[in-house]
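S.K.: Its first residue numbered 4, the sequence shown is counted upward by one per residue in the working numbering.
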Amino acid sequence: MKNVILAITLGLVATSVFAENIPYDQAKNAGVKKCLPAIKKITDFVIEDGNAGAHSFWNTDNPDSSAFSTIIERNFSDGAILTNVIVSPTPNGKCYVEYQKIINMNKPCIATAQGLEGAEYKAEVNKEVSILKHGVVSVYLIPNGNQCTMVRKEVIADGLKL
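1. Please return the same chain residues whose Cβ sits closer than 6 angstroms to the Cβ of G34, not counting the five positions on each side in sequence.
2. Of the residues P94, K31, I45, Q29, which one's Cα is nearest the Cα of I159?
3. Who are K136's beta bridge partners in DSSP?
4. Quick one: what does DSSP say M108 is sitting in, helix, strand or coil?
5. Express the C-alpha separation of W61 and L85 in angstroms, rounding to a whole number.
6. With C-beta atoms as the reference, is V132 less than 7 angstroms away from I113?
7. So, helix, strand or coil for A70, using DSSP?
8. For N129, does the three-state DSSP call read helix, strand or coil?
9. Kindly identify the DSSP beta-bridge partner or partners of T86.
10. Do you know how far the Cα of G148 is from the Cα of N95?
11. Based on the DSSP output, what are the partners of T115 in its beta bridges?
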């Protein structure tokens with residue numbers, strides 16, 4: 004419970020700042036050292052130079068012993084993108100990096116898929132959610148009435164050597 008309360012408190016203190024890397028600052032202030040460069044690299048990629056807020060989680064007793072996880076809200080003139088980022092040290096001395104971008108598209112999934120130039124249809128997860136391959140990113144299209152929720156997921160198993 005102590006871990007969750009501290010993570011929530013820190014995550015809510017810095018809710019929205021223009022072009023500041025809040026998750027990196029949170030990880031650094033929490034004492035994360037092993038994967039700090041990987042956290043910076045992936046969160047810089049997600050935030051770019053825009054308005055973003057974050058809500059982060061980490062092991063408060065030993066921040067280098069497990070994953071650092073953050074949800075980043077990145078705002079654009081036409082809406083927000085929510086990105087979940089996970090960075091964790093691996094036994095081989097590298098860092099596992101994974102992120103998922105969640106975007107609500109104002110068009111049906113067929114139109115969304117057609118707009119992803121170079122994307123290749125792979126399968127259905129079960130019945131309704133389509134899987135596409137778009138370069139190194141897996142894309143999941145979730146029908147949402149006349150709209151589509153798109154989840155873009157990339158896994159970098161050995162993201163960065165420590």
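Ideal Cβ positions, reconstructed from N, Cα and C, are used throughout, including at glycine.
This structure is a prediction, so every number in the text was calculated from the model and none was measured.
M.R.: Straight from the coordinates:
1. Contacts found: P66.
2. The option with the nearest alpha carbon to I159 is I45.
3. By DSSP's assignment, K136 forms a beta bridge with E123, S141.
4. Taken through DSSP and simplified to helix, strand or coil, M108 comes out as strand.
5. Those two C-alpha atoms are separated by around 19 angstroms.
6. Their beta carbons are not under 7 angstroms apart, which means V132 does not touch I113 by this criterion.
7. Secondary structure of A70 (DSSP, three-state): coil.
8. Reduced to three states, the DSSP call for N129 is coil.
9. DSSP output for T86 lists I75, K104 as bridge partner(s).
10. Distance between the alpha carbons of N95 and G148: 45 angstroms.
11. Per the DSSP secondary-structure output, T115 pairs with nothing in a beta bridge.
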